[in-house]
Amino acid sequence: MLLLAGVLLSACRQEPPPPSSPPNGYGATERAFVELAIATDEQALKLVELAGRPELVENRRAELVALRKLLDAPYVNHHAGHDMPGMPTDAEIQLASTSPDALKQFVHAHLTEQLEVLRSAASAITHPPTAEVAELMERHRTAELAAG
Amino acid sequence: MTKPLSQLAAVLALAAGVLSVPVTAQGEPVRVAEFVADCQLSHRLPDDPIVLPGLAGASHFHDFFGNHSTNAHSTQQSLEGKTGNCNPVSDISSYWVPTMYRDNTAITPTGITFYYLGEGVNNPAAIQPTPYGLKIVAGNARATGDHDSIARWSCLHAGHVNPSKNFVVCPAGTMLETYLDFPQCWDGRNLDSADHKSHMSYPVAGGCPSSHPVPVPKLRMVLRYPVNGSTAGLRLSSGTGQTMHGDFFNVWPRAEMERRVRNCINVVMKCDHAGNHG
Chain W
1 MLLLAGVLLS
11 ACRQEPPPPS
21 SPPNGYGATE
31 RAFVELAIAT
41 DEQALKLVEL
51 AGRPELVENR
61 RAELVALRKL
71 LDAPYVNHHA
81 GHDMPGMPTD
91 AEIQLASTSP
101 DALKQFVHAH
111 LTEQLEVLRS
121 AASAITHPPT
131 AEVAELMERH
141 RTAELAAG
Chain G
1 MTKPLSQLAA
11 VLALAAGVLS
21 VPVTAQGEPV
31 RVAEFVADCQ
41 LSHRLPDDPI
51 VLPGLAGASH
61 FHDFFGNHST
71 NAHSTQQSLE
81 GKTGNCNPVS
91 DISSYWVPTM
101 YRDNTAITPT
111 GITFYYLGEG
121 VNNPAAIQPT
131 PYGLKIVAGN
141 ARATGDHDSI
151 ARWSCLHAGH
161 VNPSKNFVVC
171 PAGTMLETYL
181 DFPQCWDGRN
191 LDSADHKSHM
201 SYPVAGGCPS
211 SHPVPVPKLR
221 MVLRYPVNGS
231 TAGLRLSSGT
241 GQTMHGDFFN
251 VWPRAEMERR
261 VRNCINVVMK
271 CDHAGNHG
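These protein sequence lines map, in sequence, to chains W and G. Here full-length UniProt numbering is used: position 95 in the first sequence is 95, and no number is missing along the way. Here full-length UniProt numbering is used: position 147 in the second sequence is 147, and no number is missing along the way.
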């Protein structure tokens, strides 16, 4: 029993390092980014489908395909129902379906807010395939904003 | 979605006046295994160093208590040696919860207490210090109703109002309060896990399960909000009251944590903020 207590105590004192990823690997930041980006894009898709801009729908769908390829575990939506940057809420989508002004405003907010998240992610992601998808998403939003 | 990030990212560097009320234990010691940290709001950020590590500005808004430096990039190393706003000042741990809003106005909790307790397991003498750097998430940010929520909302000074997993209507002159118990059984190996939950477990029948054999102090968060009356327009940045969740990143200095576990938890004594008992 004393031995067990000693083992446990030393286990506490060993302080295992926090989970980390190999250099340029698919680590905690990449996993969090991919899951967040899927959640945001899936929700945004419901909004941009109302907007009469086919390129937005195509871009979100292409991003979702690329993002899902990066997953290393079954996808779980950790962010459903949350007030996340760039992610339209169900109430906003509902309002956008009846108000063209609201639709335009929410599409713009989706693009500008998610662009900020993507720029932040670009400085944190080290896994090249994930960085590539983040860059694609950034290019899409920059072009989409320029187009109106 | 939220307002432009540039506005949202503004950090509320609130006054960090730490109450330093000397507590003198008098009379008979109280046989409750407990030590405590009373904290204040430090800042708000759309960051989450556990769920969205490294991704600044990517989260829903959180109220951060304790360590002043906490942000999306926080690590054990970055938090170490920084200052916080808890009493005792030695607790520089990070604690955070979703921000509460009435319509679009953020509401700051005015009572923020973290109890470290010996309850929940039958043998408090076996409780070990919380490992340095341990990350724990409690509650369910994705709750869709009562069935998948462990939130608890009640009214301070109005015990007749039944607690609920969602916001409750508190009578005038009382305050809305919420309790959240963190899992207290550690797997003995990992300071975090991919889902941020599976390295920790709640006890089963008064003991820690063999998968998570190391009992640590049970962290109970109690928040009080200056809110009463109608719950209309009340929400958390994660949704309804049922989505209340709390995050804890332990950076109590090792010696301070160990002394409190030894003096307060293992021997079942109620300690003051300094970790002493009568």
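Glycine is no exception: its CB is placed at the ideal position from the N, C-alpha and C atoms.
Give a yes or no on whether 8 Å exceeds the smallest Cβ distance from residue i to chain W.
i                      : result
S42 of chain G         : no
Q145 of chain G        : Note on residue identity: the sequence assigns Gly, not Gln, to residue 145 of chain G. By this cut-off, G145 of chain G is not an interface position.
T24 of chain G         : With a pLDDT of only 46 at T24 of chain G, under 50, the local geometry of the prediction cannot be trusted, and no value is derived from it.
V267 of chain G        : no
H60 of chain G         : yes
A232 of chain G        : no
V21 of chain G         : Unreliable placement is indicated for V21 of chain G, whose pLDDT of 37 sits below 50; the coordinate value is still reported in the next sentence. So, not an interface residue.
S238 of chain G        : yes
residue 280 of chain G : Because chain G spans 1 through 278 in this model, residue 280 of chain G falls outside it and cannot be assessed.
P217 of chain G        : no
residue 290 of chain G : Given that chain G is displayed from residue 1 to residue 278, the structure contains no residue 290 of chain G and the question cannot be resolved.
P29 of chain G         : no
G81 of chain G         : no
P88 of chain G         : no
E34 of chain G         : no
Are the beta-carbon atoms of residue i and residue j separated by less than 8 Å?
i                      : j               : result
R189 of chain G        : T99 of chain G  : no
G233 of chain G        : D103 of chain G : yes
V251 of chain G        : I92 of chain G  : yes
I107 of chain G        : C39 of chain G  : no
L117 of chain G        : A205 of chain G : no
G81 of chain G         : N67 of chain G  : no
residue 304 of chain G : S94 of chain G  : The shown model of chain G, from 1 to 278, leaves out residue 304 of chain G, and the question about it has no answer.
H196 of chain G        : V51 of chain G  : yes
Q114 of chain W        : G86 of chain W  : yes
F167 of chain G        : W186 of chain G : no
M175 of chain G        : V227 of chain G : yes
F249 of chain G        : S74 of chain G  : yes
H273 of chain G        : N140 of chain G : no
R260 of chain G        : G275 of chain G : yes
E177 of chain G        : R235 of chain G : no
For the alpha helix (DSSP H) containing residue i, name the first residue and the last one.
i               : result
D101 of chain W : P100 to A124
V57 of chain W  : P54 to L70
R141 of chain W : P128 to A146
V48 of chain W  : A28 to V48
Y223 of chain G : Going by the sequence as given, residue 223 of chain G is Leu instead of Tyr. Unbroken run through L223 of chain G is the beta strand (DSSP E), K218 to Y225; no alpha helix (DSSP H).
D247 of chain G : Looking at the DSSP string, D247 of chain G is not in any alpha helix (DSSP H); the run it does join, the beta strand (DSSP E), is H245 to F249.
M257 of chain G : R254 to R260
For chain G, is any of its Cβ atoms less than 8 Å away from the one on residue i?
i               : result
A131 of chain W : no
L67 of chain W  : no
T29 of chain W  : yes
E138 of chain W : no
L36 of chain W  : yes
V107 of chain W : no
E135 of chain W : no
R141 of chain W : no
G25 of chain W  : no
S120 of chain W : yes
H127 of chain W : no
V117 of chain W : yes
V148 of chain W : Inspection of the sequence shows that residue 148 of chain W is occupied by Gly rather than by Val. Output row for G148 of chain W: interface = no.
A51 of chain W  : no
A96 of chain W  : no
A32 of chain W  : yes
Quick one: give me the first and last residue of the beta strand (DSSP E) that residue i is part of.
i               : result
L236 of chain G : L234 to L236
S154 of chain G : R152 to L156
S94 of chain G  : S94 to P98
I136 of chain G : K135 to G139
S78 of chain G  : Unbroken run through S78 of chain G is the alpha helix (DSSP H), Q76 to L79; no beta strand (DSSP E).
E34 of chain G  : E34 to C39
D195 of chain G : Careful: D195 of chain G lies outside any beta strand (DSSP E) and carries neither H nor E.
E177 of chain G : M175 to D181
Any idea if residue i is buried or exposed, counting beta-carbon neighbours within 10 angstroms, 16 or more meaning buried?
i               : result
N162 of chain G : exposed
E35 of chain W  : buried
T24 of chain G  : The pLDDT assigned to T24 of chain G is 46, lower than 50, so where the model puts this residue is not dependable; a value taken from the coordinates is nonetheless given after this. That one is exposed.
L118 of chain W : buried
H160 of chain G : exposed
S20 of chain G  : At S20 of chain G, the pLDDT of 35 sits below 50, so the modelled position is not reliable; the number obtained from the coordinates is stated separately. Per the 10 Å Cβ criterion, exposed.
N266 of chain G : buried
G173 of chain G : exposed
Y75 of chain W  : exposed
H108 of chain W : exposed
Can you determine whether any heavy atom of the ligand FMN sits closer than 7 Å to the C-beta of residue i, and answer yes or no?
i               : result
P215 of chain G : For the structure depicted, the ligand FMN is absent and the ligand set is empty, with no information on it obtainable.
### Message
Against chain B, which members of the region 182–214 of chain G pass a CB distance test of less than 8 Å?
### Response
No chain B is part of this structure, whose protein chains are labelled W and G.
### Message
Does the structure place the region 22–33 of chain W close enough to the region 50–65 of chain W that three or more beta carbon pairs sit under 8 Å?
### Response
no
#### Entry: Validate contact between the region 186–200 of chain G and the region 234–245 of chain G using beta carbons, cut 8 Å, 3 pairs
no
### Query
Okay, do the region 51–66 of chain G and the region 256–271 of chain G touch, 3+ Cβ pairs below 8 Å being the bar?
no
### Message
Could you check whether the region 140–149 of chain G touches the region 202–222 of chain G, counting it as contact only if at least three pairs of C-beta atoms, one from each stretch, sit closer than 8 Å?
### Response
no
### Query
Can at least three beta-carbon pairs, one atom from the region 103–114 of chain W and one from the region 39–51 of chain W, be found at a separation below 8 Å?
yes
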